[in-house]
Amino acid sequence: MPDPTPFSTAVVSWFATAARDLPWRRPGFTAWGTLVSEFMLQQTPVVRVIPRLEEWLTRWPTPAALAAAPAGDAVRAWQSLGYPRRALNLHACAVAITTRFGGVVPRDVPSLLSLPGVGDYTARAVAVFAYGDRHPVVDTNIRRVIARAIEGAPDAAAPNARRDLPAMTALLPESDSSAARFNAGMMELGALVCTARAPRCDECPVAGLCAWRAAGYPESSVARRPVQKKYEGSDRQARGIVLGVLRASPDPVPHAALSDALPDSARLGRALSGLLADGLLITDSDDVYALP
DNA sequence: CAACCGTGGCT
DNA sequence: TAGCCAAGGTT
């Protein structure tokens, strides 16, 4: 490993000029707002998150406010952000923060990891971006930047905390504030310049230090498997159709209305049992369904 | 650990 | 068009 300082310094100074003006970077943004934004940003693009985030924080400005609402309200307000379990988990977070942490989003990583739907990335993102503490943050952007610039590989390998966290730690500046800006800068670099497809290497602030560039931009040799199975006709799509009907209706919905929206009864049955098991749906009788 | 979990925009 | 991809987490 070469001296990480020139690399880290270049990323931090680039970030000072290139950072996007995003809601969660506003002065005075709360730790709760950071937690909500990180949940929404789990696999959902920034541009689609921003309007939902503003709505959520206006409606539920504190964990206690969300905890006082039915979980179904959170699922409905999630709208089409996708992966609606995140809305359920976020509501459960609000309850846990209110009951176990006095209504204050915890600051230490182990406490954050104890919250539902909070994993290695989200826990450290909150500790770093909301509280300014010094931890390595590793998301998909950072793994790709490290793979290319440091390891000379065309793409990131599968996520692996045993390898990813030490790799980021080795690059992390000493001071809390520089470390936080480096974490954010690495994510921004991966999002804006060192992108998965068509990276903008001519605009890259660390091109001169990049191992991938030095190696002549080798391409991946192994064929990549599809990132997702086909969506059309899938059970995943079926769950979305069912929840879409429920979100659109202020009242509980009879099974017949769901059959109209999803005539394939086997697929509908799998969607309903799955959603019930996940707690995204409740049913009092055999044929009337509602959000929790 | 591979598979699963939504949705929509881009190429 | 069909596949790729987006600030992951859970099982």
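The first sequence: position 267 = 267 (the UniProt record's numbering), numbered continuously. Glycine is no exception: its CB is placed at the ideal position from the N, C-alpha and C atoms. Just so you know, these numbers come straight off a predicted model, no measurement behind them.
Report task. Could you name the residues of the same chain whose beta carbon sits closer than 7 Å to that of Cys-194, not counting the 5 residues immediately before and after it, in chain order? Result -> Arg-144, Val-145, Arg-148, Cys-204
Requested in this report: Give a yes or no on contact between the region 117-135 and the region 56-64, applying the rule of three or more CB pairs nearer than 8 Å.
Outcome: Using a Cβ-Cβ distance cut-off of 8 Å, the region 117-135 and the region 56-64 are not in contact, since fewer than three pairs of beta carbons, one from each stretch, lie closer than that value.
**Report entry** From Ala-211, Ala-207, Asp-73, Ala-261, residue whose alpha carbon lies closest to that of Val-11
**Finding:** Among Ala-211, Ala-207, Asp-73, Ala-261, the Cα nearest to that of Val-11 is on Ala-207.
Report task. In the DSSP assignment, find the alpha helix (DSSP H) that holds Val-46 and state where it starts and stops. Result -> 46-59
Query raised in the report: Below 8 Å, can you find three or more Cβ-Cβ pairs linking the region 242-259 to the region 273-282?
Result: yes
Report task. Figure out for me which residue from Val-75, Met-40, Gly-82 has the closest Cα to the Cα of Ala-125. Result -> Met-40
Query raised in the report: Taking the continuous alpha helix (DSSP H) assigned at Val-12, which residues delimit it?
Result: If you look at Val-12, you'll find it in the alpha helix (DSSP H) that goes 4-18.
Report task. Would you check if there are 3 or more beta carbon pairs closer than 8 Å linking the region 223-231 to the region 21-37? Result -> no
Requested in this report: May I have the straight-line CA-CA distance separating Thr-98 from Thr-122, to the nearest angstrom?
Outcome: 19 Å
Query - Segment limits, alpha helix (DSSP H) that includes Lys-242 - result: Per the sequence shown, residue 242 should be read as Val rather than Lys. Where Val-242 is concerned, the enclosing alpha helix (DSSP H) starts and stops at 235-248.
Query raised in the report: Would you say the region 169-189 touches the region 227-243, given that touching needs at least three Cβ pairs under 8 Å?
Result: Too few Cβ pairs lie closer than 8 Å, so no.
Query raised in the report: Tell me which same chain residues have a C-beta within less than 6 Å of the C-beta of Ser-8, skipping the five on either side of it?
Result: The residues are Leu-171, Pro-173, Phe-182.
Query raised in the report: To which residues of the same chain is Val-137 closer than 6 Å at the C-beta, ignoring the five residues directly before and after it?
Result: Arg-124, Ala-125, Val-128, Asn-183
Query raised in the report: Is Pro-254 helix, strand or coil by DSSP?
Result: strand
Requested in this report: Decide if Ala-102 is buried, meaning its Cβ has at least 16 other Cβ atoms within 10 Å, or exposed.
Outcome: The residue you asked about is not Ala; residue 102 is Gly in the sequence shown. Counting the other Cβ atoms within 10 Å of the Cβ of Gly-102 gives fewer than 16, which makes it exposed.
Requested in this report: Drop a sphere of 10 angstroms on the beta-carbon of Ala-67, count the other beta-carbons inside from all chains shown, and report buried for 16 or more, exposed for fewer.
Outcome: buried
Query - 8 Å Cβ shell around Pro-23 - same chain, five flanking residues per side excluded - result: The answer, listed in chain order, is Phe-29, Gly-33, Ser-37, Ile-50, Leu-53, Glu-54.
Report task. Would you mind giving the Cβ-Cβ distance between Ala-16 and Glu-188, rounded to the nearest angstrom? I have them listed as a contact below 8 Å. Result -> Incorrect: roughly 11 Å between the Cβ atoms, too far for contact.
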